[in-house]
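Asks: The structure's right below; bear with me while I get my questions together.
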């Protein structure tokens, strides 16, 4: 990806278990990325209602397996996050089933919009920094 003369690399999860491939995170080591505010992770967020996209820097893992995997590989949680709300399941134990189950047609339409909003947030982070992106996207 290219954003105004800046290059971005996409790293995806290995599989449904939210385990990030160590070979993908090798990109971080290869390019000697030590400034974690240059690493942007886009992920689903149970603590946000569907239709919500938020930008955050650092923070806890909130039981998120993908974030836990990234933390295990990088030994930090000080990266920038673009969080896409998926809403809470009825019980904590239903979290994985909640995010892996098929969505209703109306929720799918909402998520399609959210993915575009999240992409806009990533572009804003790359162009103007996380703080400016938080100001722009967290009030919507």
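Numbering (this note's numbering), first residue to last: 3 to 142. Don't be surprised by glycine CBs; every beta carbon is placed ideally from N, CA and C. Note that the structure is predicted; figures quoted are calculated from it, not measured.
Tell me the rounded alpha-carbon separation between residue 108 and residue 51.
Replies: Distance between the alpha carbons of residue 108 and residue 51: 14 Å.
Asks: Would you mind reading off the limits of the alpha helix (DSSP H) that contains residue 40?
Replies: Counting along the chain, residue 40 falls outside any alpha helix (DSSP H), and DSSP gives it neither H nor E.
Asks: If the criterion is Cβ atoms closer than 9 Å, does the pair residue 82 and residue 45 meet it?
Replies: For residue 82 and residue 45, no; Cβs fall outside 9 Å.
Asks: Per DSSP, which residues does residue 89 bridge with? Please list them.
Replies: DSSP, once it has assigned bridges, lists no residue as partnering residue 89.
Asks: Output yes or no for whether 9 Å exceeds the beta carbon distance between residue 123 and residue 55.
Replies: Cβ atoms of residue 123 and residue 55: closer than 9 Å.
Asks: When burial is assigned at 16 or more other CB atoms within 10 Å of the CB, is residue 69 buried or exposed?
Replies: With 16 or more Cβ atoms within 10 Å of its Cβ, residue 69 is classed as buried.
Asks: Going by DSSP, which residues form a beta bridge with residue 110?
Replies: According to DSSP, which records beta bridges pairwise, residue 110 is partnered with nothing at all.
Asks: Determine the burial state of residue 106: buried for a count of at least 16 other Cβ atoms within 10 Å of its Cβ, exposed for fewer.
Replies: Per the 10 Å Cβ criterion, exposed.
Asks: With distances taken between CB atoms, is the gap from residue 140 to residue 57 smaller than 9 Å?
Replies: Yes; because the gap between Cβ atoms is below 9 Å, this pair is in contact.
Asks: Tell whether a beta-carbon distance below 9 Å holds between residue 86 and residue 116.
Replies: Yes.
Asks: Given a threshold of 16 other Cβ atoms within 10 Å of its Cβ, counted over all protein chains shown, does residue 134 qualify as buried or as exposed?
Replies: By the 10 Å Cβ count, residue 134 comes out exposed.
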